[in-house]
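Have a look at the structure below, then the notes.
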Amino acid sequence: MNDISKWLFFVPGQLREEIEGDLLQRFEKDRKKSVRRAKLRLAWNIIRFFRPSIILRNKIKIRRSYMIRNYIKIAFRNILKQKSYSILNILGLSLGMAASLLILQYVKYERSFDTFHERAEDIYRIQYNGYHNGVLNFESAVAVPPITTFLKKNFPEVEETTRTFPRSAVMSYQDPSGDLIAFQEVKMQFAAPSFLEMFNFRIIEGDRKTCLDGGNKLAISQRAAKKYFGNDDPIGKQMTMNNDLPFEVSAVFEDVPENSHIHFDFLLSYATLNKWTDDGSEISWGWYDFYSFVRLRPGTDVTALQAKIDAQLEKERGEEWRKANASQQFILRPLLDIHLNSHLLYEAEPKDQRDGDSIYALSIIAFFILAIAWINYINLATARSLNRANEVGVRKVMGAIRSQLIKQFLTESFIMNVIGCVLALIIVRLSWHSFSQLSGWNIPLAYIYHPEFWIMVLSLFAMGTILSGFYPAIVLSSFRPVAVLKGKLMRSSGGNILRKSLVVFQFGASVFLIIGSIIVYNQIQYMKNQDLGVKLDQTMILKGPGVIDSLFSSKYDAFKNEIVKIPGVKSITSSSTIPGDEIYWTSNIRLFTAPETQNFITAGGRIDPDYIPSYGIKVLAGRNFDRHFNDDDNVLMNEALSKTLGFKQPEDALGKKVIFMDDTLEVVGVIEDYHQMSMKDKVAPLAILAGNTSRFFSVKVETENYHSVVDAITDPWNSFFPGNPIDYFFLDEFYNRQYEKDDRFGQVFTLFTVMAIFIASLGLFGLASFMALQRTKEIGIRKVLGSSVSGIVMLLARGFLQPVIIANLIAWPLAWWVMGRWLQSFPYHISVSPLFFIIAGLVVTVIAFVSVSSQTLKAAMTKPAETLKYE
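Numbers 5 to 875, taken from the numbering used here, label the letters of the sequence shown in order.
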């Protein structure tokens, strides 16, 4: 009977040895009287120990569950006891997390462009750089067509290539009833069959591999199918381009996602274009209007491949380049880099292009907002430390160890963050649609249900719980019971310094964000309101007829004579381009007396004689085109082009001969530079030819009743240009669309700046309220001794205003450096005014003063009899 441990398996290990010894001692005593009786009594005693008080005694898991339940109970008791403190903390945490989640989803969407394609990381667009006289002349998103063939032929690393060619035209369909459905379409691309093999645009009907194989085939989007065919099946039906070129609808694809860097509703078979151009769209090394893409084999060293491409091009085309004193460079740019970091000539969707640095800056704002919310918690928790000192002292005297106290305070932080997290998720869900509208994107609500979103939520929650709770827990658990219970606990100077340092960070971040918001807003307004050198107001643009004949010029003159008779119409003019429309027409130009090697690249356009006066463009030297002269062999140029050609003054260019578009032309006038595109781009050289053109008709109106003008134009339009749908828009709206995304970004930036300031003010408000409460008796004594209310308010406010002033002094140079670098990315930008910094500093200082004085004033207005009646 010496080994009875196997019968005590139910006894906790830490008690087993002691119980076993007691039982054996009793057994030996009983055995002296009767062995049989001793065994029975031993069995009975073992059975008596089989009870919950023994089985569950000191079990670690049960003990932990009791402790956790106790932690939670005390945490809720403290949260409910300090309602105002809890509300401020929870509100700050929930707003901070909600703002950060919204920002991070916005950033995620901006970075999601083109990621829906399989193997998107292996796809590259070919950037085309043109050099003349050894100088970089342009950087273009479009390239020459033979480059894709060249790459696939010479480099095994290139797995697949494709190219597209943008086009606009009138598309029409005659339904079974005989009605003609026709629209001006601009989202059209000629595309090779490999385009749908490389990119994963979803085909709904038709064969992906063959729908663009061969001539006169057409794939259309769901949107286009609905517009032209309603609920009918479009497959096999015939559409017509410009009333003369038939296409068979061979496929229907899902509408191109918004987060694609290129958009289209029509894909036309590339073989059709080759037939039109006698294969010029395959072999021309001088025609750069083609978006060209390559897909590389996985694991390809792009840097090494780029070096090989440059070397092979030099080998095959170097001699020809040297003859022309020019060269071409073709650079592989990652597909996933285009939306945020590519700002070249002829981007596919320039209005959607974003600045990657600005997007990443929003991520920093998200961090600032979260940090400010967490700092609020830390400051308020540590400021309340004196109130909770007695609690800590008593609990330590009763046997609590420091680790238990830390767990208690971390539990409070955990619960606060849980409540804040739940509220944040509610705010995110309720504000999702409004925030998407504000950002200018249709950010999918499905983002909320992605695992990455919840991983982010849990990560922010865990970081918030630890970062906001750990330091207060360490501080609160460090109090010595003897000092606390004797009332000798002193305020820690280190704690005050840390608290002030955190306030400096909060308001330094706020000042920085305010300065950033002011500069972003002023830069956008500067670009929108700066004199463009061209008048955009009260201009209605008619999209010219896509279907014309050899009599167009005479028809246009007759149409023009009819339009100017309409009441409210000031003038009408035709042009191949309008302000805000990127010019794709480019060519070489050189002085007639210069050798062929001294060519320059210039944009080109065609206008009628009324274009210059209608748009208020100044003629610096010479004359405008005049219908009383034969200007077929003449050219106008802007000042930028005259300088490019070497003329010091505009007058020096008059009468000079130039070779442009392989024609010898005489310069009859030099016009002032005007901003064809937004002020985010430099004014480019421009050569202008004379003549009527069918692309755009600009109607200058003098009435606000645009509908009556459109109604009056409709009959002459249908009479002179039958088969062409009338389509119009207003130039100021069209031009300013270039700033739409910048406006949206500015609004998002400002919104979260305001939120950051609000959250920081919540913390300061709570801190000031608590500190005023701590000094209530001091305030009463000061009032008894004769201090005024204003003097007391200033005394207490001074302690808070000092870190705010320091925050200004730190934030100003940082904001000046960062925002100065941001402004340098614009060719035309505002100068950073000291007034911006003064305004930001005053705003934050006033907010801080109001937050503090509102609480200190309340304390200062209290009667001394109330505050000192217990003394």
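Beta carbons are placed, not taken as given, at the ideal position from N, Cα and C, and that holds for glycine.
Pro-838 is not a Cβ neighbour of Val-174, given a cutoff of 8 Å.
Closest in alpha carbon position to Glu-164, among Ile-663, Arg-301, Trp-820, Phe-701, is Arg-301. Under DSSP, Val-639 forms a beta bridge with Val-671. For Phe-142, the three-state secondary structure derived from DSSP is strand. The secondary-structure analysis by DSSP pairs Ser-440 with nothing; it has no beta-bridge partner. Within its own chain, the residues whose Cβ lies closer than 6 Å to the Cβ of Ile-522, once the five positions on either side in sequence are excluded, are Phe-840, listed in chain order.
Separation of Asp-118 and Leu-339 (C-alpha to C-alpha, rounded to the nearest whole angstrom) is 7 Å.
The beta-carbon separation of Phe-251 and Pro-149, rounded to 21 Å, does not stay under the 8 Å limit for a contact. Annotated three-state conformation of Tyr-128 is strand, per DSSP.
In the three-state reduction of the DSSP assignment, Ala-229 falls in the helix class, which pools H, G and I. Between Asn-526 and Ile-335, the C-beta spacing is not below 8 Å. Glu-189 is bridged by DSSP to Ala-173. Between the C-alpha atoms of Leu-755 and Leu-317 there is a straight-line separation of about 51 Å.
Per DSSP, reduced to three states, the secondary structure at Gly-550 is coil, with no helix or strand assignment. Exposure of Arg-326 is indicated by the presence of fewer than 16 other C-beta atoms within 10 angstroms of its C-beta. Restricting attention to Phe-629, Asn-329, Met-683, the CA atom closest to the CA of Glu-586 is found in Met-683. Our two residues, Gly-784 and Ser-792, have alpha carbons roughly 11 Å apart in a direct line. Burial state of Ser-514 is buried, judged by a 10 Å Cβ sphere holding 16 or more other Cβ atoms.
Judged by DSSP secondary structure, Gln-542 falls outside any alpha helix (DSSP H); it is assigned neither H nor E. Going by C-alpha positions, Val-538 is about 38 Å away from Leu-818. Gly-96 sits away from Gly-608, with the two beta carbons spaced by 8 Å or more. Its chain contains Ile-593, Thr-606, Gly-608, Val-639, Met-641, Leu-645, Phe-664 as the residues whose beta carbon lies nearer than 7 Å to that of Ala-691, once the 5 sequence neighbours on both sides are disregarded; these appear in chain order. Its chain contains Ile-730 as the residues whose beta carbon lies nearer than 8 Å to that of Thr-718, once the 5 sequence neighbours on both sides are disregarded; these appear in chain order. Under the three-state reduction of DSSP output, Ile-730 falls in the coil class, being neither helix nor strand. Tyr-177 counts as buried, since at least 16 other C-beta atoms from the protein chains shown sit within 10 angstroms of its C-beta. Listed in chain order, the non-local C-beta contacts of Trp-289 below 7 Å within the same chain comprise Val-148, Pro-150, local neighbours out to five positions each way being set aside. DSSP, read as helix, strand or coil, puts Gly-322 in helix. Here DSSP, grouped into helix, strand and coil, assigns Arg-358 to coil. Two segments are said to touch when three or more pairs of C-beta atoms, one from each, lie closer than 8 Å; by this definition the stretch 822-830 does not touch the stretch 743-762. When DSSP reads this structure, Ile-576 sits in a beta bridge with Val-703.
As a beta-bridge residue in DSSP terms, Met-245 pairs with Met-175, Leu-249.
Remark: C-beta atoms of Gly-659 and Ala-625 do not approach each other more closely than 8 Å. For Phe-563, there is no enclosing beta strand (DSSP E); the enclosing alpha helix (DSSP H) has its first and last residue at 556-567. Judged by DSSP secondary structure, Thr-597 falls outside any beta strand (DSSP E); it is assigned neither H nor E. Here the stretch 97-116 lies against the stretch 363-380, with 3 or more beta-carbon pairs under 8 Å apart. Under the criterion of beta carbons closer than 8 Å, Gly-548 and Ser-578 qualify as touching, at roughly 7 Å.
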